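Residue numbers (this note's numbering): 1 to 278.
Just so you know, even glycine gets a beta-carbon here, dropped at the ideal spot from N, CA and C.
Every value quoted in this text rests on a predicted model; they were computed, and no experiment measured them.
Here the structure is laid out as structure tokens; the discussion comes afterwards.
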Ligand SMILES: [Zn+2]
């Protein structure tokens, strides 16, 4: 891809990412509360006055109002612009990393997958739940992604065999994800004598498996367990957390999935080569 075209695409990814991030803020706050994500339009949670159009500009809007509601001066959390900026960063990563090797359609799917993961991770941090509406819609979107891969294959192959092959790839991934997390959940209950994992975690793993396939969902769960164990140990050591308190596992799964999306195939290839079976 020519440099100018690549730069244009990266700029576009940042702009679209910031806008999607703004929408993710709405999803993160409203979905767990059971509110509509479309109505009413964004408003101050304190005085309920709708935001002016200029306040809705991602990231910049927050700085224009200096982090306070224009009307009632109630502070607006820095998390809003942070999520917008982080989503823009994720979208930029997708284009910068995969831009030359994948079609625009696949880049859009990857951006959507990362958006789902970010929303689920933040909701899990806030409420210790992973809403079914999001894990299920993410699973269905993963299914659509697999079908679209089969129908827009580089070789133009659009046949029943390639569609069913990719569908099977996703479905086996989903089954491996949900099955492994269920085992971990039962093992955790047995060894720790308490609920170590939320009921939404296996569903999130199924969603990740549908998108990434069985090898990469395994890798994502391993990465999540490793990072989760380290963070949990640090939190307990720092006495920020007593042992009965829950650490949500969803954010680690989401992080593992994001790492696997970008680096999974490289990690797996190198890992197998290490043992001389790659
Ligand atoms: Zn207000």
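Unbroken alpha helix (DSSP H) run spanning residue i, endpoints
i, result
"residue 30", "3–30"
"residue 179", "160–192"
"residue 268", "250–274"
"residue 195", "Segment: none, residue 195 is in no alpha helix (DSSP H) and carries neither H nor E."
"residue 33", "Residue 33 -> no alpha helix (DSSP H), and no H or E assigned at all."
"residue 71", "Per DSSP, residue 71 belongs to no alpha helix (DSSP H) and is neither H nor E."
Straight-line Cα distance separating residue j from residue i
i, j, result
"residue 136", "residue 19", "23 Å"
"residue 276", "residue 64", "57 Å"
"residue 273", "residue 77", "47 Å"
"residue 155", "residue 101", "Note that residue 155 scores 48 on pLDDT, short of 50, meaning its location in the model is unreliable; the coordinates nonetheless yield the value given after this. Going by the C-alpha atoms only, they are around 14 Å apart."
"residue 267", "residue 81", "33 Å"
"residue 200", "residue 258", "18 Å"
"residue 110", "residue 234", "32 Å"
"residue 50", "residue 42", "6 Å"
"residue 209", "residue 239", "35 Å"
"residue 163", "residue 236", "47 Å"
"residue 6", "residue 113", "22 Å"
"residue 31", "residue 37", "7 Å"
Residues of its chain near residue i, where Cβ-Cβ distance is below 8 Å and the 5 sequence neighbours each way are ignored
i, result
"residue 105", "148, 152"
"residue 197", "181, 184, 185, 188, 249"
"residue 228", "247, 249, 252"
"residue 68", "74, 75, 76"
Residues near residue i in its chain [Cβ-Cβ closer than 6 Å; skip 5 each side]
i, result
"residue 203", "135"
"residue 231", "none"
"residue 84", "18, 21, 22, 58, 59"
"residue 61", "55"
"residue 126", "none"
"residue 177", "205, 206, 208, 209, 217"
Supposed close pair residue i, residue j - CB separation, criterion 8 Å
i, j, result
"residue 220", "residue 174", "Contact flag wrong, Cβ pair sits at about 12 Å."
"residue 130", "residue 120", "6 Å"
"residue 146", "residue 170", "4 Å"
"residue 98", "residue 90", "About 12 Å separates the two Cβ atoms, so there is no contact after all."
Residue of the options minimising C-alpha distance to residue i
i, options, result
"residue 261", "37, 218, 126, 120", "218"
"residue 360", "185, 264, 35", "Not covered by the structure: residue 360. The range shown for the chain is 1 to 278."
"residue 74", "89, 48, 268, 86", "48"
"residue 70", "97, 40, 55", "55"
"residue 123", "254, 209, 239", "254"
"residue 25", "62, 72, 79, 12", "79"
Minimum Cβ-Cβ distance from residue i to chain B less than 8 Å
i, result
"residue 203", "Among the protein chains of the structure shown there is no chain B, as only one such chain exists."
Residues near residue i in its chain [Cβ-Cβ closer than 7 Å; skip 5 each side]
i, result
"residue 246", "128"
"residue 72", "44, 46, 47"
"residue 87", "17, 18, 20, 21, 24, 115, 118"
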